[in-house]
Amino acid sequence: MEPVEINAGAYYLRQLRADRKLDDRPALMEAFADPRHRRYVLNYRLRTPDEATEYVTLRAAQWACDERCSWAVADLATGRLLGEVGLRDLDLDFGTAEASVWTHPAERGKGIAAAGLSAAIQFGFARLGLHEIAYRHDESNTASEVVARRAGFTRVGPEERPSPSGETLIRWVLKPS
């Protein structure tokens, strides 16, 4: 599938970029260096421009093979990366996916994650024909709980397995209305 841009009201969702016109790599490295970000996002390390380039390339490849839709949540005026939102573990045959979102440390608390996630969810239901989107977070990640509630998810309880960090993993589900 080809990447799609989405108008998210105060923000817009676009593909991650690392080119002459727009380079998300510095903001990615800043975000992934943040201790709170590292606490909850364990499977990626973006310490160098090369690692950030690999991350941008990975996200493009995931779009291409219908594995994951991933967007930079960007400032309308400048295109600056404010966070990332995605629908991962896409199963277009069964109509399911899992939502993911993070916000750059300098942009937290502004509603960016909820706005971006809501736009990605609408895309998933309307354009991809999804029937269910899950969302998971560590129990201690209270910001993720707020985002899940604002996006309309229903808490279905803790998972039986712990999160990669060893904490209780909370699961939420959303179905189209």
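Numbering that gives the first Met the number 0 applies: residue 0 is where the sequence shown begins, and numbers increase by one.
Ideal placement from N, C-alpha and C gives every residue a C-beta, glycine not left out.
These numbers come from a predicted model, not from an experiment.
Paired residues, beta bridge with residue i - DSSP
i: Glu131; result: Thr95
i: His136; result: Ile169
i: Val100; result: Val84
i: Arg154; result: Trp171
i: Cys68; result: Leu86
i: Asn6; result: Tyr11
Residue i (DSSP reduced to helix, strand or coil)
i: Asn88; result: In the sequence as displayed, the identity of residue 88 is Asp instead of Asn. Here Asp88 sits in strand by DSSP.
i: Leu81; result: strand
i: Arg13; result: strand
i: Ala73; result: strand
i: Asp22; result: strand
i: Leu116; result: helix
CB contact flag (residue i, residue j, <8 Å)
i: Ser99; j: Arg107; result: no
i: Ala51; j: Met28; result: yes
i: Leu41; j: Cys68; result: no
i: Arg149; j: Ala113; result: yes
i: Trp101; j: Tyr134; result: no
i: Val55; j: Leu12; result: no
i: His103; j: Leu127; result: no
i: Leu116; j: Ala9; result: no
i: Gly94; j: His130; result: yes
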